[in-house]
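Residue numbers are given in the UniProt record's numbering: position 109 of the sequence shown equals residue 109, and the series is strictly consecutive.
Glycine is no exception: its CB is placed at the ideal position from the N, C-alpha and C atoms.
Notes follow once the structure below has been shown.
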Amino acid sequence: MSDGNKQAYFRIKRILDFALALLSLILLSPIFLFAAVGIKMSSPGKIFYRAKRMGKGNQPFEMYKFRTMHENSDQFGSITAVNDNRIFSFGNILRKTKIDELPQLINIIKNQMSIVGPRPEDVEIVKKHYTERQMHTLDVKPGLASPGSIFNYTHGDSFLEGKDSEYLYLNRFMPLKLEMELIYINNCSLQYDVKIILRTLYVVFSRVAGKKIINCHLNTK
1 MSDGNKQAYF
11 RIKRILDFAL
21 ALLSLILLSP
31 IFLFAAVGIK
41 MSSPGKIFYR
51 AKRMGKGNQP
61 FEMYKFRTMH
71 ENSDQFGSIT
81 AVNDNRIFSF
91 GNILRKTKID
101 ELPQLINIIK
111 NQMSIVGPRP
121 EDVEIVKKHY
131 TERQMHTLDV
141 KPGLASPGSI
151 FNYTHGDSFL
161 EGKDSEYLYL
171 NRFMPLKLEM
181 ELIYINNCSL
191 QYDVKIILRT
201 LYVVFSRVAG
211 KKIINCHLNT
221 K
């Protein structure tokens, strides 16, 4: 893609991001209400969780999520293990259905994120563990959906089964995820974005329905 085409792509993408995020917030407002009531009934504390994430250009921002863990759970680590006991029961439902990620529509409206883009990572993990190559995932705005997020949803648990979930994440899972994000950045287009959105919807609804996803062909455009 030429520089001129890239500029046009990102301008069009921003317009679509804003319009679709605003429309989604309106249409999904009943789900937001459902999540808010469920959280309040399940666990004392705030409805939303603000996660410190690294954004485009190595600029930190607060990423919004519905809270799925008991209050102050983040002091025990930023990596979520398989069957993590910090997650309350209703929070498990929100995480399985990805409803917990919907508040990031606000980040998209604020121009901190895109609908499609590399998933934002914890600030301290970026500072301490990203290689020079992996830092290129910060060349574009982070996204709500990405090849890496699909891989995380379908295969993340199998990578993080073990006693030291942080070690497994940093040394086994994260390098693979970031390679997928770099492939996306090198091939980004509106057509590719649509494919990622459709794949994301497919795997979420399939997992909710109890179907096991074996291969998502994430490395192909």
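Ignore the nearest five residues each way along the sequence and tell me which others in T68's own chain have a CB closer than 6 Å to its CB.
I87, G91, L94, R95 and D100
Do the stretch 1-18 and the stretch 35-54 make contact, defined as three or more Cβ pairs closer than 8 Å?
In this structure the stretch 1-18 does not lie against the stretch 35-54, because fewer than three pairs of beta carbons, one per stretch, are closer than 8 Å.
So, are the CB atoms of F48 and F66 less than 8 Å apart?
Inclusion of F48 and F66 in the CB contact set at 8 Å is warranted, their separation being smaller than that value.
Between the stretch 139-149 and the stretch 192-205, do three or more beta carbon pairs fall short of 8 Å?
yes
With DSSP collapsed to three states, give me the class of N219.
With a pLDDT of only 48 at N219, under the threshold of 50, the placement of this residue in the model should not be trusted; the figure read from the coordinates follows. In this structure, N219 counts as coil in the three-state DSSP scheme.
If the criterion is Cβ atoms closer than 8 Å, does the pair I185 and H136 meet it?
Closer than 8 Å, so yes.
Suppose the cutoff is 7 Å on Cβ atoms and the five residues either side in sequence are ignored; what does the same chain contact list for K128 look like?
Shown here for K128: not one same chain residue has a beta carbon closer than 7 Å to its own, the five before and five after excluded.
State buried or exposed for D17, treating a residue as buried only when at least 16 other CB atoms are found within 10 Å of its CB.
Buried, because 16 or more other Cβ atoms sit within 10 Å of the Cβ of D17.
Could you tell me the alpha carbon to alpha carbon distance between P44 and S89, rounded to whole angstroms?
Note on geometry: alpha-carbon atoms of P44 and S89 lie some 13 Å from one another.
Helix or strand or just coil, what does DSSP make of I115?
strand
Expressed to the nearest angstrom, what Euclidean distance is found between the alpha-carbon atoms of D122 and Y192?
Distance between the alpha carbons of D122 and Y192: 26 Å.
Exposed or buried, V208, counting other C-beta atoms within 10 Å across all chains shown (16 or more means buried)?
exposed
Nearest residue (CA-CA) to Q59, options E179, V126 and I31:
It is V126.
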